[in-house]
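Below is one structure; the comments refer to it alone.
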Amino acid sequence: MVGVRRKARILALQALYETDSVGHEAVLALSRLLANKKLSEEGAAFAGELLRGVIRHKEEIDQNIQRYAPAWPVEQIPTIDRNILRLAIFEILFDKKVPVKVAINEAVELAKRFGGDNSPRFVNGVLGSVSGLVVGE
2 MVGVRRKARI
12 LALQALYETD
22 SVGHEAVLAL
32 SRLLANKKLS
42 EEGAAFAGEL
52 LRGVIRHKEE
62 IDQNIQRYAP
72 AWPVEQIPTI
82 DRNILRLAIF
92 EILFDKKVPV
102 KVAINEAVEL
112 AKRFGGDNSP
122 RFVNGVLGSV
132 SGLVVGE
């Protein structure tokens with residue numbers, strides 16, 4: 002059974018993916034997704050918090066992706082991987098409400114479920130490097 006917070010991450014990821022791939026407004030996309038899913042009030046609030054946080058810090062997040070995946074221009078990273086990284090980097094560097102290992106594990110699980118064959122390894126590698134920023138603080 003998938004926990005409430007993972008379901009919230011999935012919905013935030015779906016809204017980010019939709020925004021990134023077809024240009025729909027992220028908050029409206031999330032509202033539509035939430036209307037079609039059974040998620041607790043707490044879960045819906047968490048999904049909204051993640052989405053708004055990624056949007057608010059997107060430029061800084063993308064700079065970190067570019068820094069730690071220099072062989073891949075951010076725009077060329079598969080859309081799903083890029084948005085999994087954005088969610089996790091937000092949780093690791095800005096939100097800081099879950100342990101770094103939990104944020105990385107959740108991102109890798111999302112990559113296994115929604116990404117390609119190499120997605121989990123790629124996501125784990127980039128986030129492992131990003132997590133060094135937290136350890137170094």
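Residues 2 to 138 (the working numbering) are what the sequence shown spells out, left to right.
Cβ atoms here follow ideal geometry from the backbone N, Cα and C, with glycine treated the same way.
Going by DSSP in three states, residue i sits in which element: helix, strand or coil?
i	result
Leu40	coil
Ile105	helix
Ala72	coil
Asn119	coil
Could you spell out where the alpha helix (DSSP H) holding residue i opens and where it closes?
i	result
Asp63	59-69
Thr5	The sequence shown places Val at residue 5, rather than the Thr named in the question. Note, Val5: alpha helix (DSSP H), 5-23.
Leu86	80-90
Please classify residue i as buried or exposed, where buried requires at least 16 other C-beta atoms within 10 Å of its C-beta.
i	result
Glu76	exposed
Arg68	exposed
Arg57	exposed
Lys8	buried
Ala27	buried
Val23	exposed
Pro71	exposed
Only counting the same chain, and skipping five residues up and downstream in sequence, which positions put a Cβ closer than 6 Å to that of residue i?
i	result
Ile85	Ala108, Leu111, Ala112, Val124
Ala89	Ala104, Ala108, Leu128
Who are the Cβ neighbours of residue i in its own chain at under 8 Å, not counting the five residues just before and after it?
i	result
Leu40	Val5, Lys8, Ala9, Leu12, Ala48
Lys38	Lys8, Leu12
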